[in-house]
Amino acid sequence: SQQGEEDPQALSIQEGENATMNCSYKTSINNLQWYRQNSGRGLVHLILIRSNEREKHSGRLRVTLDTSKKSSSLLITASRAADTASYFCATAALSEKLVFGKGTKLTVNP
Amino acid sequence: EAGVAQSPRYKIIEKRQSVAFWCNPISGHATLYWYQQILGQGPKLLIQFQNNGVVDDSQLPKDRFSAERLKGVDSTLKIQPAKLEDSAVYLCASSSIKDSYGYTFGSGTRLTVV
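In the order they appear, the protein sequences are chains Y and V. Residue numbers are given in the numbering used here: position 72 of the first sequence equals residue 72, and the series is strictly consecutive. Residue numbers are given in the numbering used here: position 79 of the second sequence equals residue 1079, and the series is strictly consecutive.
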């Protein structure tokens, strides 16, 4: 069964705009990770946030985590056409096993 | 640093045939995972190895799927016999404590069962 639930399922924006994707999960976690997947390719690790962290930045990416609400958000600022991809959140408990959501399909129009 | 290698990249087989996928993880990564990703869905864990031991295979359909990890390095995933619903991308990933548990995925094998 899938732990994370991304919202929205699909998002279409113009280049230069910000994109926000949300993820909700059900059980206690050790960390939460975000991945990007371009069509027909493997997943690329973007960022990991631990359960005792509230916010993390990496370049144009900003991730927040609210363990009381069991939710996370991924913000991509100043989006580019190359950001077009599917984005997945994945949660890990102590076993290291990652459980993925269904993903958000982001389209950035030039 | 070399990434996670998988082969073949694509495979088309008829139902009831058998197929095998190969994965070579990043050198030194003790943990190896096989995921199944059906079109339009997120990846689902099939099996997790720690060195050459199985940690979690609770979602592996053991009547038709098998996996092994040779000497704690390379791994193979086999399906025998294949069903139409096995059509999916099979992803291999590896991780290390030193990388703070972030996974490195291979490019995957796209399996089509006809």
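Quick reminder that beta carbons are idealized off the backbone N, C-alpha and C, glycines included. Everything numeric in this text was worked out from a predicted model, so none of it was measured.
Using a Cβ-Cβ cut-off of 8 Å, state whether aspartate 1056(V) counts as contacting chain Y.
Yes, contact with chain Y.
Taking Cβ positions only, does histidine 45(Y) come closer than 8 Å to chain V?
Closer than 8 Å to some Cβ of chain V, the Cβ of histidine 45(Y) qualifies, so yes.
Is glutamine 33(Y) buried or exposed, if buried means 16 or more other CB atoms sit within 10 Å of its CB?
Its Cβ being crowded by 16 or more others within 10 Å, glutamine 33(Y) is buried.
Answer with buried or exposed for aspartate 66(Y), where buried requires no fewer than 16 other C-beta atoms within 10 angstroms of its C-beta.
Looking at its Cβ environment, which holds fewer than 16 other Cβ atoms inside 10 Å, aspartate 66(Y) is exposed.
Take proline 1025(V) and list the residues in its own chain whose beta-carbon comes closer than 6 Å to its own, dropping the five residues that flank it on each side.
Counting only Cβ-Cβ distances below 6 Å, and skipping sequence neighbours, we find Val1004, Leu1032 and Ser1094.
Looking only at its chain, what residues have a beta carbon closer than 8 Å to the beta carbon of proline 1081(V), apart from the 5 residues adjacent to it on each side?
Within the same chain, proline 1081(V) has close Cβ partners Lys1015, Arg1016, Gln1017, Ser1018 and Arg1064.
Using a Cβ cut-off of 8 Å, pull out every chain Y residue sitting near glutamine 1036(V), in sequence order please.
Simply none; closest approach about 11 Å.
Let's test the definition: count the other Cβ atoms within 10 Å of the Cβ of glycine 103(Y) and tell me whether it reaches 16, buried, or not, exposed.
Glycine 103(Y) should be labelled buried.
Within 10 Å of its beta-carbon, does leucine 1045(V) have 16 or more other beta-carbons around it, so buried, or fewer, so exposed?
Answer is buried; the Cβ neighbour count reaches 16.
Which residues, in order along the stretch 48–73 of chain Y, keep a beta-carbon less than 9 Å from a beta-carbon of chain V?
Residues passing the 9 Å Cβ filter: Leu48 and Arg50.
Hey, quick one: how far does the beta strand (DSSP E) through glutamate 55(Y) stretch, first residue to last?
Unbroken beta strand (DSSP E) run through glutamate 55(Y): 55–58.
Does DSSP put lysine 1071(V) in a helix, a strand or coil?
Looking at lysine 1071(V) - three-state DSSP - the assignment turns out to be helix.
Which chain Y residues sit within Cβ distance under 8 Å of serine 1087(V)?
Residues of chain Y passing the Cβ test: none, with the nearest at roughly 14 Å.
Using the rule of at least 16 other Cβ atoms within 10 Å of the residue's Cβ for burial, across every protein chain shown, is serine 12(Y) buried or exposed?
Exposed, because fewer than 16 other Cβ atoms sit within 10 Å of the Cβ of serine 12(Y).
Indicate whether at least one CB of chain Y lies closer than 8 Å to the CB of threonine 1076(V).
So no, threonine 1076(V) is outside the interface.
Below 9 Å on C-beta distance, what does leucine 125(Y) contact in chain V?
Lying before the first or after the last residue shown, residue 125(Y) is absent from chain Y, which here runs from 1 to 110.
Output the boundary residues of the beta strand (DSSP E) element that contains alanine 10(Y).
Run containing alanine 10(Y): 10–14, per the beta strand (DSSP E) assignment.
Along chain Y, in chain order, which residues have C-beta atoms closer than 8 Å to that of glycine 1106(V)?
Near glycine 1106(V) (Cβ distances below 8 Å), the residues of chain Y are Gly42.
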